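Since the structure comes first, as structure tokens, the remarks are kept for the end.
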Amino acid sequence: MSHLTYYNYDGVGKANQSKFKYSQAVRVGDRIECAGQGIPSTSPIFIGPTDQYEGGWDPSTGTIPREINAQIDQAFANVDMNLRNAGGEGWSQVYRVNSYHVPINDEALEAMVRNFHKWVPGHEPIWTCVGVTRLGEDDMRVEIEVVAHGQLQESGDALLAPSKGFDFVNEENTAFLPQYEEGLSSTIGLPPALDSLPVDYGLFEVLNQMNMDRMW
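With positions in the sequence shown counted from 1, the corresponding number in the working numbering is that position plus 1.
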């Protein structure tokens, strides 16, 4: 499908591309669709003060704050990063938002609205808000996916170029990779049957199907 261009940011994005066979964002013409926020790193390979990862975890430590406001604040910032990595202009081009909450309550809704005012002051995107029983990590309380539309940048810059694969080439990173994969598998209890799932599933759909089939 040559009309589709997929993107994966460094760190968790490229790791999950290899592990789960999905991407963080896709460009279709002048539209960008972003995957729902995913699973945090459990390895030092992804910890650094300049890293930004999808999801409500702290990009400088790789940990998930337990407080819901902090998680939602970070998730909004990471969505903006993901859009820009795919050649967009961040939240200003977002027209659709789906958010998933554990639990869904007034505090979570207020945090979402506060961030909409901060990140999307110029318009009101459509928004579907869903309460679920679990996300991909015990401490994860929010997952956000978006669709954006508008004039996009060309992808010639290295930051904006689509990921071509799992790109950990130095010895230090390679040494930590087994720890990441082992920690990730033990965290969400991945069964061997994961490999048989359709490869075009987003991470949320994969985990949701696993949960429904009682495969944890």
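C-beta atoms are modelled at their ideal positions from N, C-alpha and C, and glycine is treated no differently. From a predicted model like this one, the values you see are computed outputs, not experimental measurements.
Between the C-alpha atoms of His-4 and Gly-30, what's the straight-line distance to the nearest angstrom?
7 Å
Quick one: residues in its chain with C-beta nearer than 6 Å to the C-beta of Arg-142, no 5 flanking neighbours on either side, listed in chain order?
Ile-69, Gln-72, Val-103
Quick one: grab the DSSP three-state call for Asn-9.
coil
6 Å CB neighbourhood of Val-131 in its chain, flanking five on each side removed
Tyr-101
Buried versus exposed, by CB contacts within 10 Å (16 or more), Ile-127
exposed
Determine the closest residue to Gly-14 out of Arg-67, Val-80, Arg-32, with distance taken between C-alpha atoms.
Val-80
Just to confirm, is the Cβ distance from Val-98 to Ile-145 under 9 Å?
yes
Is Arg-85 buried or exposed, if buried means 16 or more other CB atoms sit within 10 Å of its CB?
buried
At 3 residues or longer, what runs of the beta strand (DSSP E) sit wholly inside the segment 116-150?
127-132, 143-150
Using C-beta distances below 6 Å, list every residue in its chain close to Val-121, excluding the 5 sequence neighbours before and after it, in chain order.
Trp-92
Return the residue from the list Thr-134, Gly-151, Arg-135, Phe-77 that minimises the CA-CA distance to Asn-116.
Phe-77
For Leu-153, which of Cys-35, Gln-18, Gln-94 has the nearest alpha-carbon?
Gln-94
In three-state terms, what does DSSP make of Gln-85?
Contrary to the premise, residue 85 reads as Arg rather than Gln in this sequence. Residue state, collapsed to three classes: helix.
Does Gly-63 pass the burial test, meaning 16 or more other C-beta atoms within 10 Å, or should it be called exposed?
Low local confidence applies: a pLDDT of 45 at Gly-63 is under 50, so the model's placement there is unreliable, and no value is given.
Taking 6 Å as the limit between beta carbons, can you name the residues of its chain near Tyr-96, skipping five residues before and five after?
Pro-126, His-150
Given a cut-off of 9 Å, decide if Ala-87 and Tyr-8 are closer than it, judged by their beta-carbon atoms.
yes
Using three-state DSSP, classify Ser-24 as helix, strand or coil.
coil
Mapping DSSP to helix, strand and coil, what is Glu-111?
helix
Could you name the residues that DSSP lists as bridge partners for Arg-67?
Partner(s): none; Arg-67 has no beta bridge.
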